[in-house]
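Note sheet for the following structure.
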Amino acid sequence: FILVSTSNMCLLYDYDGSLIRKIGKEGRGPNEYTIIYNSSFGLSNNIYIQVNGNFLEYGTDGTFLSSFNIKKINNPEFYISSWILINDSLFLGHTPLLTGKEETKAVIFNKKGCIMNEYKNYIFLNRSIRMFSSDDDKSFFYKYKGKTYFKEKMNDTLFCLTDKQELLPRISFRLGKY
Numbered sequence: 015f016i017l018v019s020t021s022n023m024c025l026l027y028d029y030d031g032s033l034i035r036k037i038g039k040e041g042r043g044p045n046e047y048t049i050i051y052n053s054s055f056g057l058s059n060n061i062y063i064q065v066n067g068n069f070l071e072y073g074t075d076g077t078f079l080s081s082f083n084i085k086k087i088n089n090p091e092f093y094i095s096s097w098i099l100i101n102d103s104l105f106l107g108h109t110p111l112l113t114g115k116e117e118t119k120a121v122i123f124n125k126k127g128c129i130m131n132e133y134k135n136y137i138f139l140n141r142s143i144r145m146f147s148s149d150d151d152k153s154f155f156y157k158y159k160g161k162t163y164f165k166e167k168m169n170d171t172l173f174c175l176t177d178k179q180e181l182l183p184r185i186s187f188r189l190g191k192y
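The opening residue of the sequence shown carries number 15 in the numbering used here; numbering runs sequentially from there.
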């Protein structure tokens, strides 16, 4: 399968590029979406669509399976900007810098929306107001030889997620040089 999503639709194609079906439905009702932030396949080929802080799960046949929401106690502004499935029930998600003083840069969360592990942010900005920046919002996730890698757009370090769920630095780039 090939999964393609825009801000308002998610489409499933076969390997030859023929449209199979639209996944989910645009709208404001239960289990519908107004803006898609991210979408991906799970390891069992289920499809996950992120709609703000909510995640919708669908089968490849288009059937709605479940939904969950990620919330952090005592922080109503917390949200996940990008993510990757690390197994059938856990996600690694990036939490962007909005104020520049966020204590967390990434979290592991499950399909019930519970945060299982938090990773400390070491990059702090001196912002006088809360702001959204595309530079802070995006991060990149990679799978290579059975490992999951994570790199924030504004950070010079590539991190590796270990089997013990440690997020360890693996490569530091000299981005300013390039």
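Built from N, CA and C at the ideal position, the CB exists for glycine as well.
Below 8 Å between beta carbons: does that hold for residue i and residue j?
i, j, result
"L57", "N101", "yes"
"C24", "I49", "no"
"F69", "F82", "yes"
"I129", "K86", "yes"
"T162", "L106", "yes"
"E166", "K119", "yes"
Determine the extent of the beta strand (DSSP E) in which residue i is found, giving its start and end residues.
i, result
"Q64", "61-65"
"E71", "68-72"
"G76", "Element bounds for G76: n/a, residue is neither H nor E."
"R188", "R188 -> no beta strand (DSSP E), and no H or E assigned at all."
"Y136", "Element bounds for Y136: n/a, residue is neither H nor E."
"N124", "118-124"
"S153", "153-158"
"N107", "Going by the sequence as given, residue 107 is Gly instead of Asn. Run containing G107: 104-108, per the beta strand (DSSP E) assignment."
"L99", "96-99"
Have a look at the options and flag the residue whose alpha-carbon is nearest the alpha-carbon of residue i.
i, options, result
"S153", "L175, Y133, R184, P110", "P110"
"N60", "E91, L17, G160", "L17"
"F123", "W97, K115, K134", "W97"
"T74", "E40, I34, I84, E46", "I34"
Three-state secondary structure (DSSP) at residue i?
i, result
"L175", "strand"
"N169", "coil"
"Y51", "coil"
"N83", "strand"
"F164", "strand"
"K16", "With the sequence shown as reference, residue 16 is identified as Ile, and Lys is not the correct amino acid for it. If DSSP states are grouped into helix, strand and coil, I16 belongs with the strands."
"N89", "strand"
Taking only runs that begin and end inside the region 21-48, name each unbroken beta strand (DSSP E) of 3 or more residues, in chain order. 24-27, 33-36
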